[in-house]
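So for the sequence shown, my numbering puts the first residue at 36; every next one is plus one. Heads up: the structure comes next, in structure tokens.
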Amino acid sequence: MHSEEVCSQQGPAGEPRTTAGRIAELRARREAARHVPDRTVRRLARFGRMTARDRIEHLLDPGSFVETGLLARHRHTGFAADTERPSGDGVITGHGTVDGRKVCVYAQDVLALGGSVGEVFGEKVGKLLDLALTIGCPVVAINDSSGARVAEGVLSLAAYGRIANKVVTASGVVPQISLIMGPCAGGAVYVPACTDFVVMVDRTSHMFVTGPDVIRSVTGERVHMEDLGGARVHASVTGNAHYVADSEAEALDYVRDLLSFLPSNNLDETPSYRTDAPLDVTPDDLALEPLVPDGPREAFDMNEVIARVVDDGDLLQVHPDFAPNIICGFGRIEGHTVGLVANQPLHLAGALDIAAAEKAARFVRFCDAFNVPIVTLVDVPGFLPGTAQEHQGIVRRGAKLGFAYIEATVPKVTVIVRKAFGGGYAVMGSKELGADMSFAWPTATIGVMGAASAVDMLCHRGLGAADDPAALREELIEEYEETVLTPYMAAERGCLDDVILPSETRPAVLRALRALRTKRTTPPPRKHSNIPL
36 MHSEEVCSQQ GPAGEPRTTA GRIAELRARR EAARHVPDRT VRRLARFGRM TARDRIEHLL
96 DPGSFVETGL LARHRHTGFA ADTERPSGDG VITGHGTVDG RKVCVYAQDV LALGGSVGEV
156 FGEKVGKLLD LALTIGCPVV AINDSSGARV AEGVLSLAAY GRIANKVVTA SGVVPQISLI
216 MGPCAGGAVY VPACTDFVVM VDRTSHMFVT GPDVIRSVTG ERVHMEDLGG ARVHASVTGN
276 AHYVADSEAE ALDYVRDLLS FLPSNNLDET PSYRTDAPLD VTPDDLALEP LVPDGPREAF
336 DMNEVIARVV DDGDLLQVHP DFAPNIICGF GRIEGHTVGL VANQPLHLAG ALDIAAAEKA
396 ARFVRFCDAF NVPIVTLVDV PGFLPGTAQE HQGIVRRGAK LGFAYIEATV PKVTVIVRKA
456 FGGGYAVMGS KELGADMSFA WPTATIGVMG AASAVDMLCH RGLGAADDPA ALREELIEEY
516 EETVLTPYMA AERGCLDDVI LPSETRPAVL RALRALRTKR TTPPPRKHSN IPL
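Below, the structure written as structure tokens:
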């Protein structure tokens, strides 16, 4: 029901309006703005979709939502736009709580003007982002829209610009999370891309700059919407999505879990829970002793190490399907949030490629922006070799990871579990790049390259002249491992703070983080650095 219809029902023409009538009018306007026919709810449910209001209610604590701009409506009149002026103007904005902590949220309402973005839409979202900055709370954006409001022309584009301006201004000040719960196309994709985390829903979420129809008309290429910009593509191939859920409810629950690890803003502490973590080695810690295989080419699951370092073995991964050769996620140690970065030997032997370096670099920068300590677990043979990686810019793009670690001023604790070779050693939170505390297991091998490659490079002439080159090569490899690659040499030269038993990992990390809670640094004066983007 439009508000004009509500007004027309308020008493006979010419009759003075009463207080009771005015109150009834307000109630009617509110009801009309919030009403969604039951048949529409049922139709959406058949496709696994909620209404915009239901999404907000699922995300927030029950009864906590306070709406802003409920009665706002667009003012455009061209091309019969004034025949449809729903209250809210296609977006629901407001604030509430998640686990009792304040959160600002807006949800595009596809049932009102297709959720399209216009002038008033932009004003509402801009005011909400201003509020989030003022009170210092996270922002959750729920995207489900037909895109720009064509009838408003440049005003629609200006609305996108205003929102993007606010999002970038808020970056690093308050956490920003985007949920994609429908189509997100054209210029609309760049606002979610500028937020900290993007969550999509399988089969119902799509993101692309240019849709399948335009691609077909311009290039002749035929591609299905799901293959072009579906959730699985963005979660595993492009890296644009940090998590893909099987349902809208799961996506919203993931965001609630994510918020539980994050501070409200860059000046607040992360949420913490009082625990009394034992400093003595426990039977669970002892399970790490046989974890690393004797063969250097045999793989193990780094998640086994993580599970014994964080509280209750609980790790919330981000980007779990993208660049699986590196693990990034949030956990807690003694009740305090930490960011975990770890090579995964089960994929590419833990080698760093472009995707892994960029994934980890952005995660490290997020942790640094919001005062989350970083724990790094290392088993890296180096950067992935090959012409494809070189031609796609691994020099520039791989440098982002080292750059991120150097710039990060939060507490940084590194544990070298096995291999740490070449540039991989350096950029994975090494002592030289700013780790506050650096440990290694006795199984660690640290150097420019593996022993076999080093011997072949250093001793090729001697091997060629030997009576038994194979036997001499094995002898030299063993000597190189015991004299150059050993973690004790690194400890002697100050590249490590200590060599620890695998079972001592959790107590060592815990003690380090306790000591570093009061860490303070004074960076040199500058506007900002120039990271190799």
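C-beta: ideal position from N, C-alpha, C; glycine also.
Pick from the options that is closest to residue i, judged by C-alpha positions
{"i": "M242", "options": "E256, R251, V226 and G255", "result": "V226"}
{"i": "I170", "options": "P218, P97, N300 and G529", "result": "N300"}
{"i": "A199", "options": "L164, A377 and A67", "result": "L164"}
{"i": "V189", "options": "H111, V71, L536 and R508", "result": "H111"}
{"i": "L314", "options": "V126, R136, A543 and P51", "result": "A543"}
{"i": "H382", "options": "E256, E261, A67 and A358", "result": "A358"}
{"i": "T103", "options": "I361, P331, I451 and E158", "result": "E158"}
{"i": "V327", "options": "P298, W476, A390 and E517", "result": "W476"}
{"i": "P72", "options": "M85, L61, E333 and L493", "result": "M85"}
{"i": "D346", "options": "R309, D356 and I429", "result": "R309"}
{"i": "H586", "options": "P121, A377 and D134", "result": "Coverage of the chain is limited to positions 36 through 568, which leaves residue 586 absent and any answer about it impossible."}
{"i": "L436", "options": "V76, A377 and E187", "result": "A377"}
{"i": "I212", "options": "L79, G161, P218 and T230", "result": "T230"}
{"i": "V224", "options": "D262, S122, A276 and E261", "result": "A276"}
{"i": "L548", "options": "E442, P420, G374 and T480", "result": "G374"}
{"i": "A186", "options": "M216, E154, A505 and R496", "result": "E154"}
{"i": "H371", "options": "L214, D311, D89 and Y289", "result": "D311"}
Whether residue i touches residue j by CB criterion (8 Å)
{"i": "A470", "j": "T444", "result": "no"}
{"i": "A284", "j": "M235", "result": "no"}
{"i": "L351", "j": "F401", "result": "no"}
{"i": "V208", "j": "C172", "result": "no"}
{"i": "A142", "j": "A87", "result": "yes"}
{"i": "E467", "j": "R432", "result": "no"}
{"i": "F405", "j": "V353", "result": "no"}
{"i": "G457", "j": "V483", "result": "yes"}
{"i": "D532", "j": "M472", "result": "yes"}
{"i": "I409", "j": "K454", "result": "no"}
{"i": "G274", "j": "A390", "result": "yes"}
{"i": "V490", "j": "Y515", "result": "yes"}
{"i": "S151", "j": "G113", "result": "no"}
{"i": "L536", "j": "I368", "result": "no"}
{"i": "L214", "j": "V175", "result": "yes"}
Euclidean distance between Cα positions of residue i and residue j
{"i": "L105", "j": "G149", "result": "17 Å"}
{"i": "R197", "j": "G221", "result": "16 Å"}
{"i": "L498", "j": "G485", "result": "17 Å"}
{"i": "L302", "j": "D179", "result": "32 Å"}
{"i": "N565", "j": "A439", "result": "11 Å"}
{"i": "D144", "j": "I177", "result": "9 Å"}
{"i": "R52", "j": "R108", "result": "24 Å"}
{"i": "A487", "j": "I512", "result": "6 Å"}
{"i": "C363", "j": "M337", "result": "11 Å"}
{"i": "E39", "j": "D117", "result": "Confidence in E39 is poor, its pLDDT being 49 and thus under 50, which makes the residue's placement unreliable; the coordinate value appears in the next sentence. Distance between the alpha carbons of E39 and D117 is about 11 Å."}
{"i": "L293", "j": "R257", "result": "37 Å"}
{"i": "S99", "j": "R238", "result": "30 Å"}
{"i": "S240", "j": "H259", "result": "13 Å"}
{"i": "H37", "j": "A67", "result": "The pLDDT assigned to H37 is 48, lower than 50, so where the model puts this residue is not dependable; a value taken from the coordinates is nonetheless given after this. C-alpha separation (whole angstroms): 7 Å."}
{"i": "T521", "j": "I451", "result": "12 Å"}
{"i": "D320", "j": "T540", "result": "8 Å"}
{"i": "L568", "j": "H426", "result": "16 Å"}
{"i": "V244", "j": "R136", "result": "35 Å"}
{"i": "A193", "j": "E119", "result": "21 Å"}
{"i": "V407", "j": "R65", "result": "42 Å"}
{"i": "D502", "j": "R508", "result": "11 Å"}
{"i": "T75", "j": "H130", "result": "25 Å"}
{"i": "V519", "j": "I429", "result": "28 Å"}
{"i": "E304", "j": "I341", "result": "23 Å"}
Classification of residue i by the beta-carbon crowding that lies within 10 angstroms, buried from 16 upward
{"i": "R280", "result": "In the sequence under discussion, the amino acid at residue 280 is Ala, which differs from the Arg named in the question. It counts as buried."}
{"i": "Y195", "result": "buried"}
{"i": "Q44", "result": "Low local confidence applies: a pLDDT of 46 at Q44 is under 50, so the model's placement there is unreliable, with the coordinate-based value given in what follows. Exposed: under 16 other Cβ atoms inside 10 Å."}
{"i": "R561", "result": "exposed"}
{"i": "P97", "result": "exposed"}
{"i": "A550", "result": "exposed"}
{"i": "M492", "result": "exposed"}
{"i": "V126", "result": "buried"}
{"i": "H70", "result": "exposed"}
{"i": "G255", "result": "exposed"}
{"i": "P318", "result": "exposed"}
{"i": "S538", "result": "buried"}
{"i": "A479", "result": "buried"}
{"i": "L61", "result": "exposed"}
{"i": "D124", "result": "buried"}
{"i": "F232", "result": "buried"}
Between the stretch 413-423 and the stretch 380-394, do three or more beta carbon pairs fall short of 8 Å?
-> The stretch 413-423, when compared against the stretch 380-394, does touch it at the 8 Å Cβ threshold.
Between the stretch 268-276 and the stretch 247-256, do three or more beta carbon pairs fall short of 8 Å?
-> No: the two stretches stay apart, fewer than three of their Cβ pairs being nearer than 8 Å.
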